[in-house]
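Asks: According to mature numbering (1 follows the signal peptide of the UniProt record, and there is no 0), the sequence shown is numbered sequentially starting from 9. The beta carbon of each residue, even a glycine, is placed where N, CA and C say it ideally should be.
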Amino acid sequence: DPARDDFRPGTFPDGFIWSTATASYQIEGGWNTDGKGQSIWDVFSHTPGKVDRGDTGDVACDSYNKYRDDVQLMKAMGLKHYRFSLSWPRIFPDGTLAGGVNQDGVDYYNRLIDELITNGIAPMVTLYHWDLPQALQERYGGLLNETLVEHFNDYASYAFQAFGDRVKFWLTFNEPKVVCDNGHITGEHAPGIQDPTLLTGYRAGHTLLKAHARAWHTYDLNYRQTQGGKIGITLNLDWAEPRDPDLPSDVQATDRYMQIYSGWFAHPIYVDGDYPPFLKDELQQLALANPGINSLVFTPEDKDYILGTSDFFGLNHYVTRIVANRDIVIGPGQTFRDTIETTVAPEWPRAESTWLYVVPWGLRRLLKHIKTNYGDPDIYITENGRSDGDVQPPIIKDTERVCYYAGYIEEVFKAIYEDDVKVKSYTAWSLMDNFEWARGYTERFGLHYVDFTDPKRPRTPKQSAEFYKDIIVNNGFPEGADVTEMVQDMW
Ligand code: PNW
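#1: Smallest Cα separation from PHE177: which of ILE239, GLU36, LYS185, TRP39?
#2: Could you check whether the Cβ of GLU183 sits closer than 6 Å to any heavy atom belonging to the ligand PNW?
#3: Using the Cβ count rule (16 or more neighbours within 10 Å means buried), how would you classify GLY484?
#4: Opposite PRO469 in the DSSP bridges: which residues?
#5: Where are the alpha helix (DSSP H) runs, 4 residues long or more, that stay fully inside the stretch 377–462, in chain order?
#6: Cβ-heavy atom distance between ASN392 and the ligand PNW below 6 Å?
#7: Quick check: what's the CA-CA separation for MET498 versus GLY370?
#8: Does DSSP classify PRO250 as helix, strand or coil?
#9: Helix, strand or coil for ARG334? Go by DSSP, reduced to three states.
#10: Give a yes or no on whether the C-beta atoms belonging to ASP139 and SER32 are separated by under 7 Å.
#11: Could you check where the beta strand (DSSP E) with MET266 kicks off and where it finishes?
#12: Let's test the definition: count the other Cβ atoms within 10 Å of the Cβ of PHE20 and tell me whether it reaches 16, buried, or not, exposed.
#13: How is the beta strand (DSSP E) around THR351 delimited, first residue to last?
#14: In angstroms with no decimal places, state the Cα-to-Cα distance between GLU408 and SER472.
#15: Over what stretch of residues does the alpha helix (DSSP H) that includes PHE168 continue unbroken?
#16: Would you report the Cα separation of GLU487 and GLY23, rounded to the nearest angstrom?
#17: Whole angstroms are fine: how far does the CA of PHE475 sit from the CA of ASP78?
#18: For the beta strand (DSSP E) containing ILE239, name the first residue and the last one.
#19: For the putative contact between THR215 and LEU151, defined by C-beta atoms under 8 Å, what is the C-beta separation to the nearest angstrom?
#20: According to DSSP, simplified to helix, strand and coil, what is THR180?
#21: Could you pull out every residue in the same chain whose Cβ sits closer than 6 Å to the Cβ of ASP203, ignoring the five residues on either side in sequence?
#22: Using only the heavy atoms of the ligand PNW, determine whether one of them is closer than 6 Å to the beta carbon of ALA223.
#23: Bridge partners for GLY484 per DSSP, in chain order?
#24: In terms of DSSP beta bridges, what is THR194 paired with?
#25: Thinking LYS88 and VAL157 are a contact (beta carbons under 8 Å), I'd like their distance in whole angstroms, please.
#26: Would the C-beta of VAL186 count as close to the ligand PNW, meaning under 6 Å from any of its heavy atoms?
#27: Verify whether the separation of the beta carbon atoms of ARG372 and GLU349 is less than 7 Å.
#28: Going by other Cβ atoms of all chains shown within 10 Å of its Cβ, with 16 needed for buried, is GLY38 buried or exposed?
#29: If we ignore side chains and look at the alpha-carbon of each, how far apart do LEU455 and SER433 end up?
#30: Let me know the secondary structure DSSP gives PRO141 once reduced to three states.
#31: Is it right to say PRO131 is buried, meaning 16 or more other beta carbons lie within 10 angstroms of its own, or is it exposed?
#32: What residue does the alpha helix (DSSP H) around ASN110 start on, and which one ends it?
#33: Opposite ALA29 in the DSSP bridges: which residues?
#34: Decide if PRO340 is buried, meaning its Cβ has at least 16 other Cβ atoms within 10 Å, or exposed.
#35: Using 8 Å for Cβ pairs, my map puts THR242 next to ASN324. What's the rounded Cβ distance?
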């Protein structure tokens, strides 16, 4: 509150949450240790040609053994929150409750959670960060089969029961859009399904929404009162700007982009239980063009069940694009997505990841968009970050990442104080370099450098870890920090 006596520009609201994130398959290793079942990512990364250089998560950062070291890294930064995910097949090796619980896996998460709490760090737990039990994929087709809803609910219930006495912040699914697009359309991610008609991706998303809603209701009914936590989902939303703001067709294409990609999951959960209008029309067309498929329509009961199933708006943000209309008649092998042309501005710096450009103001506009379109929710930023390459000598003095964080955090600050957006947390992706999915270890997002050639997987703080520590300790920008200057240097 700028009216407060002790207000300094750059200081975030009291109680603002600074966090950092990881995910089980990306850091744990121990892929076949102590009774863990296989996940679709174990199988995918062991399939030649799927991951750069043939990298796998077999050992990754070895956090299965080194979790105490991880907690010390966080403690050294002054972190009071940590977002990580549970490996479903480490807990239910074949994905099902009937198949039995792997007590060693449960013990691992109990040790991790206790270690965090002992060190004053609150766990924020993601139930599904992409490592589906392989058995569920093989037996039922994973997200393409409705039985997944009950299996996910059994797993979620087990987690609430086992860990909910200490875990007060839950996320059901991480980035459903990436699960659908990369896993079930382009096939770049596990389970590696390719379907240029888009249908398989939309089917996966349909089941995912139901599974998410089912787990939210379970927590709401059976655990909320006794455990007193919060539960929601985290969505990756892009920001899009029209190429020519005075050209109605570009403005409309931008609106379509936001509906299809950002509204795919946000609209059902936060607006009316159903897909955004443009996407609904397209799904209807898709069903007409593919007779024999079950159309992707929610019943009135489904909609009631899905609407409102997130206690907050969980946001992962990385991408801003410039959008133009493509005036085409959709031909064979094309879809409505082909009517949208995306570009970037030549002055936007790019990170190592081909899709990742540095556009801090995109985050501020997106936050305002969420406030306006999704009911002014509490927003928890659960990921934001930047990649470097795997180069020699290692990038420890990662000034570009420091500038990235400075620029994005400053835009969050403006969103809170100038646009009145209710942002409650900021989370840096990631605590340390890790298995970056299809890119393996070729892209590094960490605040800490990990040497993947050393069996001990030593971690070294980068300059960005020092910078983030200052932010955390000061609850924002340190007095006298010239953020603008830092950011301008980068541009
Ligand atoms: C997120 N894109 O994935 C994930 O939640 C993390 O596990 C991952 O390591 C991180 O971002 C960095 O990639 C994304 O193409 C993957 O726009 C791809 C995209 C966005 C996010």
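Replies: Checking against the coordinates, here is how it stands:
#1: The sequence position of residue 177 within the sequence shown is 169, counting from 1. Considering only alpha carbons, the answer is ILE239.
#2: Taking the first residue of the sequence shown as position 1, residue 183 is located at position 175. At least one heavy atom of the ligand PNW is nearer than 6 Å to the Cβ of GLU183, so yes.
#3: Translated into the one-based positions of the sequence shown, residue 484 becomes position 476. It is buried - the Cβ of GLY484 has at least 16 other Cβ atoms within 10 Å.
#4: The count along the sequence shown starts at 1 and reaches residue 469 at position 461. Beta-bridge pairing links PRO469 to HIS456.
#5: 407–425
#6: Along the sequence shown, one-based indexing puts residue 392 at 384. Placement of the Cβ of ASN392 at a distance of 6 Å or more from every heavy atom of the ligand PNW is found.
#7: Within the sequence shown, numbered from 1, the residue matching residue 498 stands at position 490. Within the sequence shown, numbered from 1, the residue matching residue 370 stands at position 362. Unreliable positioning characterises MET498 in this predicted model, as indicated by a pLDDT of 49, which lies under 50. The coordinate reading is nonetheless provided below. Near 16 Å, if we compare the C-alpha coordinates of GLY370 and MET498.
#8: By 1-based counting over the sequence shown, the position of residue 250 is 242. It is a strand residue.
#9: On the sequence shown, position 326 is the one that residue 334 refers to. DSSP places ARG334 in coil when its eight states are reduced to three.
#10: Here residue 139 refers to the residue found at position 131 when the sequence shown is read from its first residue. Here residue 32 refers to the residue found at position 24 when the sequence shown is read from its first residue. Yes; because the gap between Cβ atoms is below 7 Å, this pair is in contact.
#11: Mapped onto the sequence shown, residue 266 falls at position 258. For MET266, there is no enclosing beta strand (DSSP E), as DSSP marks it with neither H nor E.
#12: As a position in the sequence shown, residue 20 is number 12, starting the count at 1. Buried, by the Cβ-count rule.
#13: Within the sequence shown, the letter at position 343 stands for residue 351. Start and end: 348–351.
#14: Your numbering for residue 408 matches position 400 in the sequence shown. Your numbering for residue 472 matches position 464 in the sequence shown. Cα to Cα, GLU408 sits roughly 9 Å from SER472.
#15: For this step, residue 168 is matched to residue 160 along the sequence shown. Per DSSP, PHE168 belongs to the alpha helix (DSSP H) from 155–171.
#16: For the purposes of this step, residue 487 is identified with residue 479 of the sequence shown, where counting begins at 1. For the purposes of this step, residue 23 is identified with residue 15 of the sequence shown, where counting begins at 1. Cα to Cα, the separation comes out at about 19 Å.
#17: To locate residue 78, count along the sequence shown from 1; it is residue 70. To locate residue 475, count along the sequence shown from 1; it is residue 467. Each residue's Cα considered, the two are about 18 Å apart.
#18: Locating residue 239 in the sequence shown gives position 231, where the first residue counts as 1. 238–244 is the span of the beta strand (DSSP E), which, as asked, contains ILE239.
#19: For the purposes of this step, residue 215 is taken as residue 207 along the sequence shown, with counting starting at 1. For the purposes of this step, residue 151 is taken as residue 143 along the sequence shown, with counting starting at 1. That pair is a contact at about 5 Å.
#20: As a first step, residue 180 must be located in the sequence shown, where it is residue number 172. Strand at THR180.
#21: Walking along the sequence shown from the start, residue 203 turns up at place 195. So the qualifying residues of the chain are ILE193.
#22: The count along the sequence shown starts at 1 and reaches residue 223 at position 215. Outside the cutoff, so no.
#23: Residue 484 sits at position 476 when you count from the first residue of the sequence shown. GLY484 is bridged to THR19.
#24: Counted from its first residue, the sequence shown places residue 194 at position 186. Listed as beta-bridge partners of THR194 by DSSP are GLN202.
#25: The count along the sequence shown starts at 1 and reaches residue 88 at position 80. The count along the sequence shown starts at 1 and reaches residue 157 at position 149. Not a contact, Cβ separation roughly 34 Å.
#26: Residue numbering aside, residue 186 sits at position 178 when the sequence shown is read from its first letter. VAL186 Cβ: within cutoff of the ligand PNW.
#27: Here the question's residue 372 lines up with position 364 in the sequence shown. Here the question's residue 349 lines up with position 341 in the sequence shown. The answer is no: Cβ separation not under 7 Å.
#28: Within the sequence shown, the letter at position 30 stands for residue 38. So GLY38 ends up on the buried side.
#29: Here residue 455 refers to the residue found at position 447 of the sequence shown. Here residue 433 refers to the residue found at position 425 of the sequence shown. Distance between the alpha carbons of LEU455 and SER433 is about 18 Å.
#30: For this step, residue 141 is matched to residue 133 along the sequence shown. Note: PRO141 maps to strand in three-state DSSP.
#31: The count along the sequence shown starts at 1 and reaches residue 131 at position 123. When all chains shown are included, PRO131 counts as buried.
#32: For the purposes of this step, residue 110 is identified with residue 102 of the sequence shown, where counting begins at 1. ASN110 -> no alpha helix (DSSP H), and no H or E assigned at all.
#33: By one-based count along the sequence shown, residue 29 stands at place 21. For ALA29, which the question treats as bridged, DSSP gives the partners ARG91, TRP437.
#34: Against the sequence shown, residue 340 aligns to sequence position 332. Counting Cβ neighbours within 10 Å, PRO340 comes out exposed, since fewer than 16 surround it.
#35: Position 234 of the sequence shown, counted from the first residue, corresponds to residue 242. Position 316 of the sequence shown, counted from the first residue, corresponds to residue 324. Contact flag correct, Cβ pair sits at about 6 Å.
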